[in-house]
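Undergrad: Read left to right, the sequence shown gives residues 1353 to 1495 (the numbering used here). Let me give you the structure first, and then I'll get to my questions.
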Amino acid sequence: MLMRTDPFRELDRLAQQLMGPGTWSKPSAMPMDAYREGYEYVVAFDLPGVTAEAIDIDVERNMLTVKAERRPVTRADDVQMELSERPLGVFSRQIVLADTLDTEHIQADYDAGVLTLRIPIAERAKPRKISIGIGSGRREISG
């Protein structure tokens, strides 16, 4: 059998075991992507193995908080675990949102272990045209 070794993977696994799973008072971080798509700000969180009921999303002022919990799967008494690398416990991420985002209309979707939040850009932050008066006529310029 061919085995590939990675000493850093073993160090990461050992550190995870020593620190233990995340708890509600000390959650582990969750990976995310954030990008702008048209007039929406999109944030996607990886939460494989987490049920939608175990995800908590809060917005207070301009602070977005996402918490999730992955619990161990119950197994029969005669099952002997050989390898366990999937992290369990509580995961959390906080993001400071700009004032230009409309936090009243955030949409959340959860599919295939990915939580996607779509946050619209506020109307006041979108580009608009401003008309100015010159003498007796009016002319529009881009703003």
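For every residue, glycine included, the Cβ atom is placed at its ideal position computed from N, Cα and C. Bear in mind the structure is a predicted one, so any value in this text is a computation, not a measurement.
Going along the chain, which unbroken runs of the beta strand (DSSP E) with 3 or more residues stay wholly within the segment 1399-1486?
TA: DSSP runs (the beta strand (DSSP E)) wholly in the segment 1399-1486: 1407-1412, 1415-1422, 1441-1448, 1459-1463, 1466-1472 and 1481-1486.
Undergrad: Quick check: what's the CA-CA separation for Met-1355 versus Leu-1435?
TA: For Met-1355, the predicted model reports a pLDDT of 46, less than 50, meaning its position is unreliable; a value from the coordinates is still stated below. Distance between the alpha carbons of Met-1355 and Leu-1435: 15 Å.
Undergrad: Examine the Cβ distances between the segment 1457-1470 and the segment 1407-1425 and report whether three or more of them are shorter than 8 Å.
TA: At 8 Å Cβ cutoff, the stretches touch.
Undergrad: Please state the DSSP three-state secondary structure of Tyr-1387.
TA: Of the three classes helix, strand and coil, the one that applies to Tyr-1387 here is strand, per DSSP.
Undergrad: Does the distance from the C-beta atom of Glu-1392 to that of Ile-1447 stay below 8 Å?
TA: In this structure, Ile-1447 does not lie closer than 8 Å to Glu-1392 by Cβ.
Undergrad: Assuming Leu-1440 and Arg-1422 make a contact with CB atoms under 8 Å, what is their CB distance in whole Å?
TA: Going by Cβ atoms, the distance from Leu-1440 to Arg-1422 rounds to 5 Å, so yes, they are a contact pair.
Undergrad: With a threshold of 16 other CB atoms inside 10 Å of the CB of Val-1395, please say whether the residue is buried or exposed.
TA: Classification for Val-1395: buried.
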